[in-house]
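Listed below in structure tokens is the structure:
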């Protein structure tokens, strides 16, 4: 029987650990692996990697693993892990930071749809100051189709997806839950300035 | 009496009925919801997950407008908006540098004066003061709701004090009992329904909803009641799909808390626009002779 020992090299793990701690405001070092977070995580069954595992990856400086695991991309930000952590570590915040770091490093997201969804939402909010659901969903579908084609996805899957979405759209319309009026704010210039500031901040990193 | 009011994008679009009902129910209790001027999107889960600066800055503009309104309290029905606004107010208070950077871009500066309340907080105070009971003309006996709080009403990405239990909140139960409903005890009241994932990771969201629906049905609930428009739309529009996929036969109408209050106060289903539900909301009410 072979056993693999864990290699810990502080000089490798420190930069990642420090950046995650600084940006998320979470004391990752306080984790003593009690796994209360894992027990409460609603997506833990699906992701395999639970919050305690993710924290261990960060402590060991396993950068690729920390960016490319299902937990980071399936986390629903319900904040259960952090609420129950005896050491007050909010792993959902760490997931949020890892998504931002991987975007800044131009790493292809493990689930591009998740990234496309949140991008489309924020883009829509920047256009009119409020999110108009129809515009937001259209932006999302366009971005998604484009990235699916780029990854060599077949037309068939795309057409099926669009049919699916149209079905939802029609049932929403039947229930008068679709809104066609465009909501736009007067102070859009303030919103544009805040977005510009946000871009400045991400370039500074 | 006036309370500042932030409806958020959802209450201006897919959950417009919740906006209408909230105004009606509060007006009946003598409270005018004063929508703050020219508010913007709070950034919701998307900013929280992908842009730390916008996640604080977008709600900050609304907080500035709310502070300038001169009112002491703002009520926010959507759990996602409520969470983002309360986190932004706290982060601005904790980080004066960030507050200055953001305020420099704003016409109305966020000062951190206004008290941010969820709709439930305000309703619980109205239940305790007797104002809900006073305005109610129907007893909702026979309505056995699974009070569904979802994730964002009690849990936050940073330390926030709330006036209810984090793991087993009781606010909605208090309000429901005042109007005669009999809320059931169950295990999934603060579990996440995955509303922000339903479009981009549908299977995950359906799985989360299946657990919630399964427990509510097994405990004998005959409906859900919620305060969050994201939870309501998700559990309502996708329940048929969840039931089919996970072999759950029973369907439960998903009421906004304002709908149960509205029924108790004698508003008609028409006034409340109940026809905008996916799972039939009328059957149960008719059966109990409430409409």
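Residue numbers (this note's numbering), protein chains in the order written: chain A, 17 to 221; chain B, 21 to 311. Glycine included, each C-beta is placed from N, C-alpha and C at the ideal position. What you are looking at is a predicted structure, and each value in this text was computed from that prediction instead of being measured.
Notebook entry, point to check: Under 9 Å, do residue 126(A) and residue 89(A) count as touching if we go by C-beta distance?
Noted result: The residue you call residue 126(A) lines up with position 110 of the first chain. The residue you call residue 89(A) lines up with position 73 of the first chain. Taking 9 Å as the Cβ cut-off, residue 126(A) and residue 89(A) qualify as a contacting pair.
Next item on the list: Mind reading off the beta-carbon distance from residue 246(B) to residue 287(B)? Whole number of angstroms is fine, and I expect it under 8 Å.
Entry: Working through the second chain from its first residue, we reach residue 246(B) at position 226. Working through the second chain from its first residue, we reach residue 287(B) at position 267. With a Cβ gap of about 18 Å, residue 246(B) and residue 287(B) do not count as contacting.
Next item on the list: Report the partner residues of residue 95(B) according to the DSSP bridge assignment.
Entry: Numbered from 1 along the second chain, position 75 holds the residue referred to as residue 95(B). Answer by DSSP bridge pairing, in chain order: 25(B), 137(B).
Item checked: Outcome for residue 221(B) when other beta-carbon atoms lying within 10 angstroms are tallied against a minimum of 16 -> As a working note, residue 221(B) is residue 201 in the second chain. When all chains shown are included, residue 221(B) counts as buried.
Margin query: So the candidates are 22(A), 219(A), 202(A); which of them puts its Cα closest to the Cα of residue 57(B)?
Written below: Counting from 1 along the second chain, the entry for residue 57(B) is found at position 37. Closest by alpha carbon: 202(A).
Item checked: Cα-Cα separation, residue 212(A) to residue 74(B) -> Counted from its first residue, the first chain places residue 212(A) at position 196. Counted from its first residue, the second chain places residue 74(B) at position 54. Residue 212(A) and residue 74(B): Cα-Cα distance of roughly 10 Å.
Checklist line | 8 Å CB neighbourhood of residue 94(A) in its chain, flanking five on each side removed | finding: As a position in the first chain, residue 94(A) is number 78, starting the count at 1. Excluding sequence neighbours, residue 94(A) sits near 58, 108.
Check: Taking any Cβ of chain A, which residues in the region 212–226 of chain B have a Cβ under 7 Å from it, in chain order?
Finding: 212, 214, 216, 217, 219, 220, 221, 224
Check: Identify the residues that DSSP records as bridge partners of residue 161(A): which are they?
Finding: Looking up residue 161(A) in the first chain gives position 145. BP columns for residue 161(A) are empty, so no partner.
Notebook entry, point to check: Applying a beta-carbon distance threshold of less than 8 Å, which residues of chain B neighbour residue 195(A)?
Noted result: Taking the first residue of the first chain as position 1, residue 195(A) is located at position 179. The answer, in chain order, is 32, 33, 34, 36.
Next item on the list: Check the Cβ of residue 302(B) against every Cβ in chain A and list those closer than 9 Å, keeping chain order.
Entry: Residue 302(B) sits at position 282 when you count from the first residue of the second chain. Under the 9 Å cutoff, chain A gives no residues; its nearest Cβ is about 13 Å from residue 302(B).
Note to self: Let me check understanding here. Comparing Cα to Cα, which of 181(A), 195(A), 106(A), 91(A) lies closest to residue 46(A)?
What the structure shows: Position 30 of the first chain, counted from the first residue, corresponds to residue 46(A). It is 106(A).
Next item on the list: Assign residue 153(A) to one of two classes, buried (16 or more other C-beta atoms within 10 Å of its C-beta) or exposed (fewer than that).
Entry: Mapped onto the first chain, residue 153(A) falls at position 137. Flag for residue 153(A) reads buried.
Margin query: Let me confirm a value: residue 30(B) is counted as buried when at least 16 other C-beta atoms fall within 10 Å, else exposed. Which label applies?
Written below: Within the second chain, the letter at position 10 stands for residue 30(B). So residue 30(B) ends up on the buried side.
Check: In three-state DSSP terms, what is residue 312(B)?
Finding: This structure cannot speak to residue 312(B), because chain B is shown only from 21 to 311.
Margin query: Relative to the C-alpha of residue 136(B), which candidate in 82(B), 219(B), 178(B) has its C-alpha closest?
Written below: In the second chain, counting from the first residue as 1, residue 136(B) sits at position 116. The candidate whose alpha carbon is nearest that of residue 136(B) is 82(B).
Check: Going by alpha carbons, who is nearest to residue 218(A) out of 44(B), 71(B), 300(B)?
Finding: By one-based count along the first chain, residue 218(A) stands at place 202. Among 44(B), 71(B), 300(B), the Cα nearest to that of residue 218(A) is on 71(B).
Item checked: Per-residue burial, residue 189(A) [other beta carbons within 10 Å of its own, 16 or more giving buried] -> Here residue 189(A) refers to the residue found at position 173 when the first chain is read from its first residue. By the 10 Å Cβ count, residue 189(A) comes out exposed.
Checklist line | Status (buried if at least 16 other CB within 10 Å, exposed otherwise) for residue 189(B) | finding: Taking the first residue of the second chain as position 1, residue 189(B) is located at position 169. Residue 189(B) is buried by the Cβ-count criterion.
Check: For residue 285(B), which option in 263(B), 254(B), 160(B), 131(B) has the closest C-alpha, if you only look at C-alpha atoms?
Finding: To locate residue 285(B), count along the second chain from 1; it is residue 265. Answer by Cα proximity: 160(B).
Check: Are residue 281(B) and residue 241(B) touching if we call contact CB-CB under 9 Å?
Finding: Counting from 1 along the second chain, the entry for residue 281(B) is found at position 261. Counting from 1 along the second chain, the entry for residue 241(B) is found at position 221. It is not a contact, given that the beta carbons lie outside the stated cut-off.
Next item on the list: Note down, in chain order, each residue of its chain lying with its Cβ closer than 6 Å to the Cβ of residue 134(B), except the 5 sequence neighbours on either side.
Entry: For this step, residue 134(B) is matched to residue 114 along the second chain. Only 86, 87, 94 meet the Cβ criterion.
Item checked: Cross-chain neighbours of residue 74(B) in chain A, by beta carbon under 8 Å -> The count along the second chain starts at 1 and reaches residue 74(B) at position 54. Neighbours of residue 74(B) on chain A, chain order: 138, 210, 211, 214.
Checklist line | Separation of residue 36(B) from residue 296(B), as counted between CA atoms | finding: Mapped onto the second chain, residue 296(B) falls at position 276. Mapped onto the second chain, residue 36(B) falls at position 16. So the two alpha carbons sit approximately 10 Å from each other.
Check: What's the gap between the Cα of residue 145(B) and the Cα of residue 206(A)?
Finding: In the second chain, residue 145(B) corresponds to position 125, counting from 1. In the first chain, residue 206(A) corresponds to position 190, counting from 1. Computed Cα separation, rounded: 36 Å.
Item checked: Where residue 125(B) meets chain A, residues with beta-carbon distance less than 8 Å -> The residue labelled residue 125(B) in the question sits at position 105 within the second chain. When 8 Å is used as the limit between beta carbons, residue 125(B) is near these residues of chain A: 206, 209, 210, 213, in chain order.
Next item on the list: Using the Cα positions of residue 225(B) and residue 67(A), report the straight-line distance between them to the nearest angstrom.
Entry: If you number the second chain from 1, residue 225(B) lands on position 205. If you number the first chain from 1, residue 67(A) lands on position 51. Residue 225(B) and residue 67(A): Cα-Cα distance of roughly 19 Å.
Item checked: Any chain A beta carbon closer than 9 Å to residue 3(B) -> What is shown of chain B runs 21 to 311, which leaves residue 3(B) out entirely.
Notebook entry, point to check: Which word fits residue 32(B), buried or exposed, when buried means at least 16 other C-beta atoms lie within 10 angstroms of its C-beta?
Noted result: Within the second chain, the letter at position 12 stands for residue 32(B). By the 10 Å Cβ count, residue 32(B) comes out buried.
Notebook entry, point to check: So is residue 175(B) buried or exposed if we call it buried at 16+ other beta carbons inside 10 Å?
Noted result: Position 155 of the second chain, counted from the start, is the residue given in the question as residue 175(B). With 16 or more other Cβ atoms within 10 Å, it is buried.
Notebook entry, point to check: residue 20(A) versus chain B: which residues are under 8 Å apart at the beta carbon?
Noted result: Along the first chain, read from residue 1 onward, the residue named residue 20(A) stands at position 4. Chain B residues near residue 20(A): none, gap ~31 Å exceeds 8 Å.
Margin query: Counting only Cβ pairs nearer than 8 Å, list the residues of chain B close to residue 199(A).
Written below: For this step, residue 199(A) is matched to residue 183 along the first chain. Under the 8 Å cutoff, chain B gives 29, 32, 33.
Notebook entry, point to check: Taking the runs of the alpha helix (DSSP H) that are 4 residues or longer, which of them lie wholly in the region 119–145 of chain A?
Noted result: 128–144
Check: Looking only at DSSP bridge pairs, what is residue 246(B) linked to?
Finding: Here residue 246(B) is taken as the residue at index 226 of the second chain, counted from 1. Answer is 168(B), 276(B).
Notebook entry, point to check: Taking Cβ positions only, does residue 159(B) come closer than 9 Å to chain A?
Noted result: Within the second chain, numbered from 1, the residue matching residue 159(B) stands at position 139. No - not a single Cβ of chain A is within 9 Å of the one on residue 159(B).
Next item on the list: Could you check the C-alpha separation between residue 290(B) and residue 141(A) for me, to the nearest Å?
Entry: The sequence position of residue 290(B) within the second chain is 270, counting from 1. The sequence position of residue 141(A) within the first chain is 125, counting from 1. The alpha-carbon atoms of residue 290(B) and residue 141(A) are separated by roughly 32 Å.
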